[in-house]
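A short worksheet on the structure shown next.
Structural data, given as structure tokens:
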């Protein structure tokens, strides 16, 4: 294996780059051995998944559907999958942490993975890692041979999926087409040594079987061949019923001692994945096959070795093989694992979910071609007459070490070789696009540069901040507190400027590394990196952490609270991860160090944040809490939402204006006669007790003295007509500039004020074009484009004006 240049190339691509990889090769080229090596040696955080339970257990991984919690029916793009075909995908905290911290996903037996399933994997990885990157930015290694076993799909399923995919194969998935996959084909065949046989197998594989090869193959045609028991032949057939019938017939012929060996099943091990019979009936003289590699150091047997039972003991079986080896075999154990995270080391750990312990033998006069996948036989009788699926004949023939070890029950004909032209075209593409050492070197360098750029990537902050701003403006009457100012500081003074700086830094790194083979060993790059860490750490603390610490909010709308808190939690999580990474990379950058720090950042225990929803913006917090407790008790007793008793806005006004009697209480915004009659006495009792205790008087009369009876918009309009600017009106009225702009927007829409009173023609036209292109309902996107050139109020004013045109 060490001298195999394709294997070494593939290993380097996996370990030293972030390129997605498709590792293929003819049967017997060492794909399984490569997988085992990666699991043992890789420095990356990885998981192994496979399309079937048997394949997953053989690869010591888990099934795709169980790990990614995918439905078994068709998975349609863009959440179009019918609800009845979906499963609840509530991922556990442990699984989310595993996905977030993953570097590498290995998919074994990729040939059996459908296109929609690979897209389902992509969707889950994007959800919990990086939405903007294929597979969420995780590296994916796909191992398999598309000329062997193909995906299983029913006609009704394909009738649905064909509207979205050209073929059922994984390489037709949208994710694969976006992933810039590096294909590596293993050339050296370990299973077969005879060049003539290897040539024939390759022709069968590519559906180019020559007449000469057909004639050579069919010399092995012996329709009446009856093997002697000691010869160790196994029949490979296409259907389970054929294999079962042959095994039963041969077993029934034996009149020798028999014994049943019962498996020990521990905890969770699906019976569909049992490698042999739970109650295994064996007889002396039965032909058997070992179904597991010997776990002892002697390595006396391997998966696929054939022999004959010579004795049956209570806890073991004596088997004589064709090479005259006599092996006493006891039980072996197959493990069903799940992935977890070790609490101490924080490494991805394999946890035993269940196990199956049984004598590692099965009756082996016959086996299906499908179950022979991955096995090696010295002698086989092949019945490929009823080949019904792509690649079956090739799989059967390629199980054998030599041509002389093959007996054909039926002659090989063109109809025996089911092949898919789409697969042939894909394999041709693989052959024509194999990577070179230069590709590897450039990918190594780009991997390091990508990781450096990732350290300063602030795109993940943008979505939650924009969503928080959107929630605020959509629910302004329900949300109170210091909200929009901190969010706009974070967006306009931190995220957007930092994105620009990060992009410039990325270009600088690319230019610096142009003539460098290994960026992380270059002093100039390390110096620039250290300076960048210092700058970004300072900006993150000052322009994101401090404003976020100052943000507080309260709301009585449960749905608004849920939406707001969800996005706030995401933002705080991203901030904690970014600060952790920057603080731990202040000395130097290396790929190995960053991968470790990145995982630690995701898995760190969150620090307790203050209860933002409990913060109020009133000077009478005790009264606020007392009124809130009253509202909650009424809500519980009458089984109605709190805002139906009185709203959050009303709650704040009660605290600020301190009404003394019902005549004053009814003047509070949102109270009304019904509420005053129903709850007025209790509300006034709470307020008056607080006022007496603190020597306070009602503010209602004071406010009414200065209160203008005109509509608030009209007051703003009259002041504007007097020649005051927006800023002067806001200061005079004690309102924020956004509110004044909202008032004036009303009169622009009515036509009472010319829009050009606020904008030059050039500035108005610029905004108009952007809004027209983006859409009236996409103001957050517009604001992102125009940045600080226009305020939110100005943009809304222009939208209202545009709607009248």
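Residue numbers (UniProt numbering): 1 to 805.
Backbone N, C-alpha and C fix where the C-beta goes; we use that ideal spot for every residue, glycine too.
In the same chain as residue 740, and ignoring 5 residues on each side of it, the C-beta atoms closer than 7 Å to its own belong to 716, 726, 729, 730, in chain order. For residue 767, the closest C-alpha among the options 752, 141, 786 is that of 786. Residue 635: member of the alpha helix (DSSP H) spanning 621 to 638, first to last residue. DSSP, read as helix, strand or coil, puts residue 292 in coil. Following the DSSP letters along the chain, one finds residue 338 in no alpha helix (DSSP H) but inside the beta strand (DSSP E) bounded by residues 332 to 341. Put simply, the backbone Cα of residue 430 is about 7 Å away from that of residue 184. Distance from the CA of residue 600 to the CA of residue 14, rounded to the nearest whole angstrom, comes to 21 Å. In the three-state scheme derived from DSSP, where H, G and I count as helix and E and B as strand, residue 361 is classed as strand. Out of 636, 223, 627, the CA that lies nearest to the CA of residue 647 is found in 627. Bounds of the beta strand (DSSP E) holding residue 46 are 46 to 50. Beta bridge pairing from DSSP links residue 407 with 381.
Sorting 318, 333, 332 by C-alpha distance to the C-alpha of residue 326 places 318 at the top. Judged by DSSP secondary structure, residue 68 falls within the alpha helix (DSSP H) whose first and last residues are 64 to 68. Taken through DSSP and simplified to helix, strand or coil, residue 671 comes out as coil.
The beta carbon of residue 105 sits closer than 8 Å to the beta carbons of 46, 47, 49, 121, 125, 135, 138, 139, 140, 141 from its chain, once the five residues preceding and following it are set aside; these are given in chain order. Separation of residue 90 and residue 801 (C-alpha to C-alpha, rounded to the nearest whole angstrom) is 45 Å.
A distance below 8 Å separates the beta carbons of residue 548 and residue 490.
Here the alpha carbon of residue 261 sits roughly 8 Å from the alpha carbon of residue 315. A contact is defined here as three or more CB-CB pairs under 8 Å, and the segment 533 to 550 meets this definition with respect to the segment 491 to 504. For residue 345, there is no enclosing alpha helix (DSSP H), as DSSP gives it neither H nor E. With respect to the C-alpha of residue 754, the residue from 797, 779, 383 having the closest C-alpha is 797.
In this structure, residue 481 sits away from residue 591, with a CB-CB distance that is not shorter than 8 Å.
In the structure shown, the three-state DSSP call for residue 190 is coil.
A straight-line Cα-Cα distance of about 48 Å links residue 684 and residue 789.
Under the Cβ criterion (8 Å, minimum of three pairs), the segment 264 to 275 does not count as touching the segment 232 to 247. Comparing alpha-carbon positions, the option among 225, 113, 156, 602 lying closest to residue 176 turns out to be 113. One Cα belongs to residue 757, the other to residue 745, and the distance between them is close to 12 Å. As a beta-bridge residue in DSSP terms, residue 236 pairs with 367, 382. For residue 328, no alpha helix (DSSP H) segment is defined; the enclosing uninterrupted segment is the beta strand (DSSP E) at 326 to 329. Secondary structure note for residue 25: its beta strand (DSSP E) is the uninterrupted segment 21 to 25. Shortest Cα-Cα distance from residue 791 to any of 738, 760, 632 involves 738. Our two residues, residue 496 and residue 570, have alpha carbons roughly 18 Å apart in a direct line. By the 16-neighbour rule on beta-carbons within 10 angstroms, residue 330 is exposed. Taking residue 478 as the centre and dropping the five residues before and after it, the same chain places the C-beta of 555, 557, 560 closer than 6 Å to its C-beta, in chain order. Secondary structure of residue 287 (DSSP, three-state): strand.
If you ignore the 5 residues before and after residue 643, its C-beta comes within less than 7 Å of the C-beta of 556, 557, all in its own chain and listed in chain order.
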